[in-house]
Each structure stands twice: as C-alpha cells, then as structure tokens.
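Beneath this line is the structure, given in structure tokens, with notes to follow.
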Amino acid sequence: MYSFKSRIRYSEVNERKTLDLSSVINYFQDCSTFHSEDTGNGIDYLTSQNRVWLLNSWQIIVYRYPVLFETIKVSTNPYSFKSMFGYRNFMIQDENDAVCVVADSKWIYLNSDTLRPVRVAESDIASYGLGEKIPMDYKQGNIILPEQRVSKEPFPVVPANIDTNHHVNNGQYIKMAENYLPDQFSIRQMRAEYRSAATLGDVIYPEVALTDTSCTVCLASENKKPYAIIEFIS
Numbered sequence: 004m005y006s007f008k009s010r011i012r013y014s015e016v017n018e019r020k021t022l023d024l025s026s027v028i029n030y031f032q033d034c035s036t037f038h039s040e041d042t043g044n045g046i047d048y049l050t051s052q053n054r055v056w057l058l059n060s061w062q063i064i065v066y067r068y069p070v071l072f073e074t075i076k077v078s079t080n081p082y083s084f085k086s087m088f089g090y091r092n093f094m095i096q097d098e099n100d101a102v103c104v105v106a107d108s109k110w111i112y113l114n115s116d117t118l119r120p121v122r123v124a125e126s127d128i129a130s131y132g133l134g135e136k137i138p139m140d141y142k143q144g145n146i147i148l149p150e151q152r153v154s155k156e157p158f159p160v161v162p163a164n165i166d167t168n169h170h171v172n173n174g175q176y177i178k179m180a181e182n183y184l185p186d187q188f189s190i191r192q193m194r195a196e197y198r199s200a201a202t203l204g205d206v207i208y209p210e211v212a213l214t215d216t217s218c219t220v221c222l223a224s225e226n227k228k229p230y231a232i233i234e235f236i237s
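The sequence shown runs 4 to 237 under this note's numbering.
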C-alpha cells in the first residue's frame, strides 16, 4: 500500500476545526497522483500516451474526522483492473494507526483525444502492483435518485472548478453539492457517481432530495442529463 504522511492544516478544516469532506477527497486525489508519479505513470507520462484515468465513482465512509494540527497517514491501494476499469481503495489513519476514513473508487481508462474507453494493458499497470481490498461496507449498484426533488438556482462552471483534464474536478462537484446540506448535517458516508464531464462555461442545474438521514444532490445540464449524483448520509 502506497502512503504519505501529513499534518492537518488550517486551510483544510471547517468551523469545528475538523478536516472537511472536500479536504479528505483532496488528500485521496493527491495520494493517487503521488502513487502514479512515483511508479512512472504520472500525468506527463499519460499525456505522452494520449491516455487519462477519470474517476467513475466514490464511496467514502468516515469513522472520525481528523482535527487541526493532527498528523495523519494517507494510503492508497489498487486492487483490481478489469477491461477499461481500475479499482482503488483509500485510507486515512491517525498516529496510532487507527482508521479514520476509508474509501473505494472506480476509475475508467480513456483515450484523451477521443474520450473513448481503452482496455488496460499489462504494461499500463505492471509497476503499480495489486493489494488486497480493505475491509469496509461496500455498496453495490447505482445511487437511486429520488423522484421527489427540489430544483435549485442554476450556476455556471467557473475556472476555479477546472483541473488538468479541462473538466470540472471530481472534488469540485462534492463542494458544490455540500452547499445544499441542511445545517448541522454531519456527513458519515458519501457516494458519488460521475455521469458526464462539465467544462468551463457549462451551466449546472441542481436538484436536491432530503430525508431525515440523507441528502441526494443531482448536478445536471439544462436538459436534465446528470453530470454527477452525490448521496450524503448522516
């Protein structure tokens, strides 16, 4: 399992001085890009091969949010590659190796020019190695989008939302969706599915469904085609 250590920064915490979910996701993204870079499969290499890994889905379970100034270890472990898909676990642990956050993720391998899926070759993944799946409550199937949803004010994609793939970064969708959480909603689990890529200048039309223990947010185009669907569970 590939790991790096860090210390929780003031810029990463919320008003309760705990790491917020967006920062958790940033740590996981950083960990996977560090891993790819250190195994020779980083951004520049993929660009030279006209290839890109795009995130298809997240499942994140939070046992405890690390607090300001706490030292943590962030880890990642690819455990399977099938056809054009890659599957990768993540974990955050404290100084005593207690698990704070775990995650599962599914990625799709694309030709960056055509944005069509490409079958993963052995040469693409040999340097990664495969590990065992970490123990967690894996959810099966797609997020069920509730029929009763409330439409919210649409908003444009801005330059700050865009990453090196020239699309809205997957973590940015989560930050957008968090704006619709009720006050005092504590996120203990999150699932996200990425259906299509929003780019600079697109307009996002949010729809929100609330229950006593969940908040489901659909971020869609004007014609109701979802860019991302995010389910928060308290």
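Ideal Cβ positions, reconstructed from N, Cα and C, are used throughout, including at glycine.
If we ignore side chains and look at the alpha-carbon of each, how far apart do residue i and residue j end up?
i	j	result
Ser115	Leu148	30 Å
Ala201	Asn99	40 Å
Met179	Gln151	20 Å
Ile64	Asp215	19 Å
Asp186	Asn164	24 Å
Arg54	Tyr66	35 Å
Val105	Trp56	21 Å
Gly174	Arg10	20 Å
Tyr230	Arg12	31 Å
Thr36	Asn44	9 Å
Over what stretch of residues does the alpha helix (DSSP H) that includes residue i continue unbroken?
i	result
Tyr5	Looking at the DSSP string, Tyr5 is not in any alpha helix (DSSP H); the run it does join, the beta strand (DSSP E), is 5-10.
Ala180	173-181
Asp241	Nothing can be reported for residue 241, as the shown portion of the chain is limited to 4 through 237.
Ile46	46-51
With DSSP as the reference, label residue i as helix, strand or coil.
i	result
Asn29	helix
Pro157	coil
Ile80	The question names Ile, but residue 80 is Asn in the sequence shown. Strand at Asn80.
Ala163	helix
Thr74	strand
Ala208	Reading off the sequence shown, one finds Tyr at residue 208, where the question assumed Ala. Of the three classes helix, strand and coil, the one that applies to Tyr208 here is strand, per DSSP.
Tyr230	strand
Span of the beta strand (DSSP E) holding residue i?
i	result
Thr214	Neither: Thr214 is in no beta strand (DSSP E) and is coded neither H nor E.
Asp107	102-114
Ile64	54-65
Tyr197	192-197
Gly89	88-96
Kindly indicate which residue of the options has the alpha-carbon position closest to the one of residue i.
i	options	result
Pro81	Tyr68, Leu58, Ser108	Ser108
Ile111	Tyr66, Trp61, Glu225, Ser154	Trp61
Val102	Val160, Lys76, Thr21	Lys76
Leu1	Gln96, Val16, Thr50, Leu24	Because the chain here runs from 4 to 237, residue 1 falls outside it and cannot be looked at.
Glu225	Thr74, Ile236, Tyr208	Tyr208
Phe235	Lys136, Ala223, Cys218, Lys228	Cys218
Gly144	Gly174, Asn173, Leu222, Glu196	Glu196
Glu135	Leu113, Ala124, Phe93, Lys142	Phe93
Ser25	Leu213, Ser39, Gln192, Ser86	Gln192
Please check the pair residue i and residue j, which I expect to be a contact at CB under 8 Å, by giving their CB distance rounded to whole angstroms.
i	j	result
Thr79	Tyr5	5 Å
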